[in-house]
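J.: Protein sequence lines correspond, in order, to chains P, Y, U and V.
Quick note on my numbering: the first sequence kicks off at 308 and runs consecutively.
Quick note on my numbering: the second sequence kicks off at 308 and runs consecutively.
Quick note on my numbering: the third sequence kicks off at 308 and runs consecutively.
Quick note on my numbering: the fourth sequence kicks off at 308 and runs consecutively.
Before we start, here is the structure in question, set down as structure tokens.
There are 4 protein chains.
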Amino acid sequence: MVIAMRKGCPKSQVAKVLAAIREFGLEPRIISSDPRTVLAVVENMSRARAEEIADSLRDMAGVEEISSFDQSWKLVGRYFRGEPTVIEIGGLRVGGPEVAVFAGPCAVENRENFQETARAVAKAGAGGLRGGAFKPRTSPYSFRGLGEEGLKIMAEAREITGLPIMTEVLTANEVELVARYADVLQIGTRNMQNFALLEAAGETDRPVLLKRGMMATIKELLLSAEYILARGNWQVMLCERGIRTFETETRNTLDLSAVPLLKQYSHLPVVVDPSHAAGKRELVPALAAAAVAAGADGLLIEVHPNPDQALSDGRQSLDLPGFAGMMRNLAGVASAVGRTVREATP
Amino acid sequence: MVIAMRKGCPKSQVAKVLAAIREFGLEPRIISSDPRTVLAVVENMSRARAEEIADSLRDMAGVEEISSFDQSWKLVGRYFRGEPTVIEIGGLRVGGPEVAVFAGPCAVENRENFQETARAVAKAGAGGLRGGAFKPRTSPYSFRGLGEEGLKIMAEAREITGLPIMTEVLTANEVELVARYADVLQIGTRNMQNFALLEAAGETDRPVLLKRGMMATIKELLLSAEYILARGNWQVMLCERGIRTFETETRNTLDLSAVPLLKQYSHLPVVVDPSHAAGKRELVPALAAAAVAAGADGLLIEVHPNPDQALSDGRQSLDLPGFAGMMRNLAGVASAVGRTVREATP
Amino acid sequence: MVIAMRKGCPKSQVAKVLAAIREFGLEPRIISSDPRTVLAVVENMSRARAEEIADSLRDMAGVEEISSFDQSWKLVGRYFRGEPTVIEIGGLRVGGPEVAVFAGPCAVENRENFQETARAVAKAGAGGLRGGAFKPRTSPYSFRGLGEEGLKIMAEAREITGLPIMTEVLTANEVELVARYADVLQIGTRNMQNFALLEAAGETDRPVLLKRGMMATIKELLLSAEYILARGNWQVMLCERGIRTFETETRNTLDLSAVPLLKQYSHLPVVVDPSHAAGKRELVPALAAAAVAAGADGLLIEVHPNPDQALSDGRQSLDLPGFAGMMRNLAGVASAVGRTVREATP
Amino acid sequence: MVIAMRKGCPKSQVAKVLAAIREFGLEPRIISSDPRTVLAVVENMSRARAEEIADSLRDMAGVEEISSFDQSWKLVGRYFRGEPTVIEIGGLRVGGPEVAVFAGPCAVENRENFQETARAVAKAGAGGLRGGAFKPRTSPYSFRGLGEEGLKIMAEAREITGLPIMTEVLTANEVELVARYADVLQIGTRNMQNFALLEAAGETDRPVLLKRGMMATIKELLLSAEYILARGNWQVMLCERGIRTFETETRNTLDLSAVPLLKQYSHLPVVVDPSHAAGKRELVPALAAAAVAAGADGLLIEVHPNPDQALSDGRQSLDLPGFAGMMRNLAGVASAVGRTVREATP
């Protein structure tokens with residue numbers, strides 16, 4: 308149960324509500340005190356009991372709203388923070404005027420390859436580098452990434468380009484290791500409801516990019532983000548990357564309605580990954596432009612110097628000139644919706 | 308079975324293939340002779356028999372490709388016509404540089420209301436008027452539209468504004484009636500596989516807007532369009548309007564990947580209906596901008612002077628100032644992708 | 308708007324409600340008078356106006372419930388008829404203790420073939436024959452059936468076997484023709500919301516098998532059936548045949564939850580078509596048994612004497628011994644749930 | 308890459324293939340030697356390189372088939388083990404003639420409650436007890452279970468009833484703790500692709516019940532099971548529990564086609580959870596009967612002594628008499644398909 312107090316209600320009213328909760332034998336938890344005080348009761352109880360308690364609290368002075376936890380998110384909501392959250396990652400700000408473009412290969416394959424990609428995308432206007440060192444794979448026998456070696460390669464590329472790096476972390480146990488190297492922790496689509504991982508990420512000071520599960524509703528994505536915020540880490544980017552439908556022409560169906568919806572419900576920045584959704588590189592530039600036009604705060608783009616030789620997801624990776632071309636085209640669309648993308652350096 | 312001959316192959320080769328087909332006791336059908344000759348055999352036969360015949364034709368001079376009908380479309384494909392099809396509707400050209408915007412209420416409710424809307428959207432830059440006179444309704448008891456009276460109201464609005472009108476036709480029997488008034492026949496999502504209706508529309512000289520079934524694949528949409536072209540009407544606009552998924556925040560999930568995919572596979576123009584997909588008016592401007600950025604040749608936008616009083620679909624209709632605002636914002640996005648939208652008249 | 312009067316309320320109360328409706332300038336329609344009187348108002352009006360009228364009627368004597376048409380079905384509901392509907396088709400009763408099994412090929416291909424199948428399935432315990440004479444096809448070039456010739460072949464097989472015949476009708480215009488030959492009109496998955504066809508079928512005296520759209524909800528299926536009942540034909544069988552999902556191992560996902568749900572909501576019999584759902588013949592016997600265990604009143608099974616030579620859907624057709632084997636296995640399951648299947652004749 | 312050798316091919320041929328692989332600078336891994344030798348190469352490489360190597364191995368003596376890892380499962384396949392796997396859990400055998408019924412509440416709430424349920428379901432014929440001690444919850448604020456205290460309560464109920472206990476484990480780190488108490492480790496739908504958890508479960512000697520992800524294909528379920536077998540634990544039960552579709556009348560759509568499909572592809576036993584799929588208790592008996600008729604080797608049924616007071620999922624829980632009634636009805640269906648369910652004790 309969440310009890311939201313009226314903005315600016317006197318502390319004495321809050322105190323009375325706290326006391327009333329304790330009289331029910333429950334321990335209230337203050338989950339927010341600004342801009343308004345919000346209390347939570349997390350003890351387990353039957354629905355009937357919960358309703359009885361809610362009924363008795365609802366009439367107390369200062370109480371504005373009581374809601375069930377299952378039905379709604381709290382900290383991620385516009386309700387709690389009216390201003391959009393801007394996340395600073397090195398020199399990059401996600402959620403401000405610049406559309407932040409993270410680019411790189413699906414998997415980090417080797418040093419040369421990654422450095423070549425990093426230099427090229429940096430030159431073309433990328434704001435961050437992405438790459439997979441720990442890869443989740445449907446089959447136990449597929450290539451699972453270079454592990455810590457991959458993280459080191461990414462960190463070197465950060466030195467060279469000055470761009471922050473984002474990479475996926477697969478388990479709660481590996482959060483500490485990955486956070487030692489990475490500027491942004493990526494939580495992938497298969498792990499959107501890996502709650503132990505969400506909480507571990509919530510206890511770091513690293514920004515988190517949380518991908519929507521390929522079968523998850525908008526509401527479930529927000530509730531998963533809530534897990535991270537509830538542990539004290541408010542630097543979360545929500546990422547739309549396609550959902551599963553009956554259509555087989557694309558790998559997943561990119562749900563761009565999610566962009567305005569998420570921005571309406573939440574103060575968190577919204578990033579779009581057209582590469583995984585489309586699964587075909589020739590669709591990526593059009594979908595990237597559409598995402599920016601829809602209001603996305605950032606993009607994740609798979610880029611590989613030689614896509615046909617890629618160890619994974621080559622079919623959906625742009626090559627280096629393809630990425631540079633896409634960036635040039637994005638500038639106009641971004642400008643038309645009051646945003647910018649970083650310019651290419653000559 | 309479809310037998311595509313090589314471009315420019317001599318007529319004598321075509322004649323030999325025709326003769327060979329007749330020797331199998333079948334009657335070949337010439338379904339296209341420009342830019343290349345394409346023959347079809349439509350008699351029913353077992354798969355084994357079809358393969359036997361295909362094998363024997365495949366080696367004949369001039370034969371380029373033989374394919375099963377079930378597996379592919381023909382006339383709608385880029386294969387048949389490399390140049391994009393541009394459809395002329397009064398002064399409006401769909402498939403050219405202008406992004407054609409059709410606007411109007413879900414249902415035509417009465418003369419005053421429709422004229423008010425028509426004048427306002429024309430002023431704001433719409434290129435065509437849309438409205439429903441015959442409405443398909445899930446429940447037999449819901450309002451089904453004004454029928455021919457609605458068509459007359461639309462025709463009057465055409466006189467006033469000079470804009471062409473688009474309206475839905477529900478059955479093959481009503482095609483003639485609707486075609487008497489309307490400039491564009493709309494075939495709705497529930498009728499995408501109403502083959503009798505497709506064929507009846509294919510025998511008119513009216514441009515057709517064919518909406519994707521809410522459960523239909525890209526490939527099925529193209530095959531439904533093929534029904535219309537096969538009857539001789541090549542003026543077909545393909546319309547993405549959202550597909551059914553598990554997500555319940557939107558009425559349907561707008562599949563913008565369909566835009567670049569359809570344009571890659573087909574020469575036909577592609578139109579997007581963000582209103583029906585979103586089901587919530589506040590999402591429409593962002594999705595309309597995204598559609599234009601993705602390469603759409605046109606938009607269908609629901610507009611109502613007083614959405615909360617609308618007889619149907621008010622929740623997703625923009626009001627008149629909302630539509631004008633959307634049009635202003637689209638101009639920049641259209642320009643960024645090398646297109647235009649019609650300017651508002653002062 | 309639907310106004311349901313209390314069971315047994317005096318006629319004078321009904322008369323007063325009718326008068327009150329007319330005072331609003333509307334023409335009430337009596338859609339049922341037994342077991343209770345139910346009135347409908349079908350004029351179009353805004354939501355606000357509808358609420359105003361409903362509010363004023365709600366307090367009148369004898370009025371039990373007022374509901375919006377969009378939100379609910381009426382005639383198909385348990386609410387209107389507590390007893391399950393049993394449909395008599397020749398000697399076959401659908402909705403009674405016998406699980407009615409309709410068997411036959413996807414398409415009627417020729418006389419010999421169909422008669423061979425009809426004799427064999429009749430011997431194995433089928434209660435009806437099915438076959439397609441008019442076939443809806445995704446591609447305009449595919450085999451579309453033998454048309455009236457196919458209907459004649461089916462009618463001959465009825466003479467030989469004594470079993471009633473069921474076949475699909477594609478358009479409102481063809482209802483009369485098909486009804487001249489067929490005992491049951493089948494409305495296919497692509498036509499579930501072809502409202503003109505539903506109404507035409509509702510005006511015949513032929514039982515109708517209405518297939519669920521592959522993208523339709525349970526509620527939409529019931530509302531489509533309502534179209535038929537509202538025209539006076541109460542002999543409707545609802546048919547679950549699989550819905551579209553992301554899974555590609557089966558052609559569609561058979562939704563057996565629909566069986567108990569439909570029987571809970573409606574008095575109409577429920578039939579299951581495992582052949583089209585599975586798309587693979589080896590799954591059919593298990594799914595047929597599951598359907599019977601779930602409470603299905605009937606089955607549609609595709610059978611072909613030589614499935615690998617079938618003109619359509621051979622992959623999902625049982626051969627003749629396969630069908631006989633399936634029937635033997637169904638007997639025990641049917642008996643376990645208090646039902647029977649017809650025994651094979653020696 | 309997986310290289311399957313012909314059954315009974317001489318060891319010298321295997322040795323030559325191993326040598327050839329090493330010449331490519333790769334280290335082959337023998338993943339099975341009975342009934343045939345199967346080798347795996349797991350080093351990462353480009354697709355082009357993989358094809359080159361496959362081409363050169365394909366012609367060697369004794370090589371039967373070479374396949375990519377992404378495309379297929381191995382150890383879980385019928386290909387590797389023709390006989391169905393039977394899993395022994397205390398006195399219960401899953402995969403043999405008895406349909407194993409695991410029953411209990413969604414969450415273990417307290418000792419009295421759980422013991423009452425355990426005694427009642429044991430008496431009614433359950434073969435195992437289920438209950439949640441660690442609960443995955445969409446919202447961070449929902450009741451997450453009693454943790455180890457819940458495991459102790461379950462273990463006590465095992466002492467009382469003699470029935471084995473199954474409970475969910477959420478993270479790799481908790482596998483050891485849960486395995487100390489539980490007879491069967493349950494991996495839930497949200498964790499089907501939590502690969503660290505799958506591998507941790509694969510290293511225990513506890514049977515594992517692996518639930519299909521609500522968005523996972525049959526193939527992905529089998530590949531997730533492969534993760535467990537590849538670590539040496541072959542005691543895996545596959546569980547169908549409903550997939551996400553557009554239908555909202557049920558919580559998920561139970562895909563009973565999965566039962567015959569999984570049994571065709573794999574030797575592992577298949578269990579069905581109709582409670583979570585339906586989300587409504589009144590549908591559970593019909594779906595349980597359907598699952599048994601379709602060939603399921605077991606069932607998971609949610610039971611609560613007072614469903615309306617349950618802390619979670621009460622809507623889909625049977626009460627104690629409801630469960631006993633369902634068990635009585637299952638006996639006949641099981642018998643009709645050559646199976647048994649345990650009889651109630653008087």
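In this text, a Cβ means the ideal position worked out from N, Cα and C, and glycines have one as well.
On a predicted model such as this, the values are computed, not experimentally measured, just so you know.
#1: Name, going along the chain, the residues of the segment 549-581 of chain Y whose beta-carbon falls closer than 8 Å to a beta-carbon of chain V.
#2: Got a sec: is the Cβ-Cβ distance from A631 (chain V) to anything in chain U below 8 Å?
#3: When the Cα atoms are used, what is the spatial distance from E416 (chain V) to K442 (chain V)?
#4: Using a cut-off of 7 Å between C-beta atoms, extract the partners of A407 (chain U) located in chain V.
#5: Less than 8 Å between C-beta atoms, sequence neighbours within five positions excluded: which residues of the same chain meet that for A651 (chain U)?
#6: With three or more beta-carbon pairs closer than 8 Å as the criterion, would you say the segment 602-617 of chain V touches the segment 388-407 of chain V?
#7: Between which residues of its own chain and I472 (chain V) is the CB-CB distance below 6 Å, once the five residues before and five after are set aside?
#8: Residues of chain U with CB under 9 Å from A643 (chain Y), in chain order?
#9: Short of 6 Å in beta carbon distance, which residues of its chain neighbour A333 (chain Y), apart from the five on each side in sequence? Order them along the chain.
#10: Is any beta-carbon of chain Y found at less than 8 Å from that of A355 (chain U)?
#11: Taking only three categories from DSSP, how would you classify K518 (chain Y)?
#12: Thinking C-alpha only, which one of U:G629, U:T647, U:R551, U:L504 is nearest A427 (chain U)?
#13: With distance defined between alpha-carbon atoms, name the residue in U:R451, U:L627, U:S353, U:L594 nearest to L477 (chain U).
#14: Please classify E547 (chain U) as buried or exposed, where buried requires at least 16 other C-beta atoms within 10 Å of its C-beta.
#15: Let's test the definition: count the other Cβ atoms within 10 Å of the Cβ of M367 (chain V) and tell me whether it reaches 16, buried, or not, exposed.
#16: Go ahead and pull the three-state DSSP assignment for R356 (chain V).
#17: At a Cβ threshold of 8 Å, is T524 (chain V) touching chain U?
#18: In chain V, what lies closer than 9 Å to A431 (chain U) by C-beta?
#19: Any Cβ of chain P within less than 8 Å of the Cβ of L325 (chain V)?
#20: For G539 (chain P), count neighbouring C-beta atoms within 10 Å of its own C-beta (all shown protein chains included) and say buried if the count is 16 or more, exposed if not.
#21: Along the alpha helix (DSSP H) that carries Q571 (chain V), what are the first and last residues, could you check?
#22: Below 8 Å on the Cβ atoms is my guess for A508 (chain V) versus I535 (chain V); work out the distance and round it to an integer in Å.
#23: Mind listing which residues of the segment 500-530 of chain V have their C-beta closer than 7 Å to chain P's C-betas, in chain order?
#24: First and last residue of the alpha helix (DSSP H) that includes M544 (chain Y)?
#25: Name the chain Y residues that come within less than 8 Å of V309 (chain U), Cβ to Cβ?
#26: Among the residues of its own chain, which have a CB less than 7 Å from the CB of S374 (chain U), if the five just before and after it don't count?
#27: Would you mind listing the beta strand (DSSP E) stretches within the segment 406-446 of chain P that are 3+ residues and don't spill past its ends, in chain order?
#28: Please state whether DSSP places D615 (chain Y) in a helix, a strand or coil.
#29: Rounded to whole angstroms, what's the CA-CA distance from A311 (chain Y) to V393 (chain Y)? Just pull it up for me.
#30: Just to check my reading of the structure: V515 (chain V) and V543 (chain V) have Cβ atoms closer than 8 Å, yes? What is that Cβ distance to the nearest angstrom?
#31: Give me, in chain order, the residues of the same chain whose beta-carbon lies closer than 6 Å to that of M522 (chain V); leave out the 5 immediate sequence neighbours on both sides.
#32: So what's G605 (chain P) in DSSP terms, helix, strand or just coil?
#33: Just reading off the alpha helix (DSSP H) that R635 (chain V) is part of, what are its end residues?
#34: Mapping DSSP to helix, strand and coil, what is T557 (chain P)?
#35: Would DSSP call A347 (chain U) helix, strand or coil?
#36: For L530 (chain P), which residues from the same chain have a beta carbon less than 7 Å from its beta carbon, with the 5 sequence-adjacent residues on both sides left out?
T.: Let me spell this out:
#1: R551, T552, F553, T555
#2: no
#3: 11 Å
#4: None at all; the shortest Cβ gap to chain V is about 18 Å.
#5: K430, A431, G432, A631, M634, R635
#6: yes
#7: L436, M461, R465, A489, D490
#8: None at all; the shortest Cβ gap to chain U is about 34 Å.
#9: Here residue 333 (chain Y) turns out to be Leu, not Ala, going by the sequence shown. Closer than 6 Å at Cβ, skipping near neighbours: V348, E350.
#10: yes
#11: strand
#12: U:G629
#13: U:R451
#14: buried
#15: exposed
#16: helix
#17: yes
#18: Within 9 Å Cβ-Cβ: nothing; A431 (chain U) doesn't reach chain V, min ~18 Å.
#19: no
#20: exposed
#21: 565-572
#22: 6 Å
#23: Q500, N501, F502, A503, M521, M522, E527, L530
#24: Per DSSP, M544 (chain Y) belongs to no alpha helix (DSSP H); it is in the beta strand (DSSP E), 543-547.
#25: Y448
#26: V309
#27: 407-411, 435-437
#28: helix
#29: 25 Å
#30: 5 Å
#31: R551
#32: strand
#33: 627-643
#34: coil
#35: strand
#36: W380
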